[in-house]
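Below: the structure, in structure tokens.
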């Protein structure tokens with residue numbers, strides 16, 4: 004097989020698709036784009052506790068597939084990754100809900116909802 008020819012053809016197709024996407028994006032008039040902060044906020048997808056739990060479980064599964072024995076997750080990292088604002092209680096609740104009986108809380112504050120909450124999930 005001529006892999007070079009196949010790769011060049013695929014790259015050409017990708018370039019064509021990228022050009023079409025650019026045209027489509029440019030054809031959307033600027034008047035349809037949100038202009039104010041409030042409009043932008045209204046168009047943001049709301050992250051729910053279930054979404055965070057799903058993310059945690061996916062991280063645990065990925066670590067398990069990589070042969071790791073445990074994974075340590077920190078609330079501040081999950082909060083940042085999910086681009087949350089004032090969502091620390093939701094993140095901390097999701098982290099606790101994903102705990103098994105052998106998992107260990109490595110760091111916790113009296114409030115229980117701190118960005119420094121760290122949990123070691125045994126896989």
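In our numbering, the protein residues as written are 4 to 126.
The beta carbon of each residue, even a glycine, is placed where N, CA and C say it ideally should be.
*By how many angstroms is the C-alpha of residue 7 removed from the C-alpha of residue 20?*
20 angstroms
- prompt: Using 8 angstroms as the threshold, is the region 48-55 in touch with the region 94-106, meaning 3 or more CB pairs across them?
  reply: yes
With the cut-off set at 7 angstroms, would you say residue 91 and residue 58 are in Cβ contact?
no
* Asked: Helix or strand or just coil, what does DSSP make of residue 124?
  -> strand
For this session: Would you mind sorting residue 88 into buried or exposed? The rule is 16 or more other CB atoms within 10 Å of its CB.
Result: exposed
**Message:** Taking 7 angstroms as the threshold (C-beta atoms), are residue 66 and residue 126 in contact?
**Reply:** yes
**Request:** Report all residues from its chain with a CB closer than 6 angstroms to the CB of residue 119; omit the five preceding and five following residues, and keep chain order.
**Result:** 110
_Contained beta strand (DSSP E) runs [length at least 3] in the region 44-81, N- to C-terminal order_ = 73-77
- Nearest to residue 124 by alpha carbon, out of 112, 84, 77, 85? 77
Strand pairing of residue 24, partner residues [DSSP]: Partner(s): none; residue 24 has no beta bridge.
- So, residue 74 versus residue 63, is the Cβ gap smaller than 7 angstroms? yes
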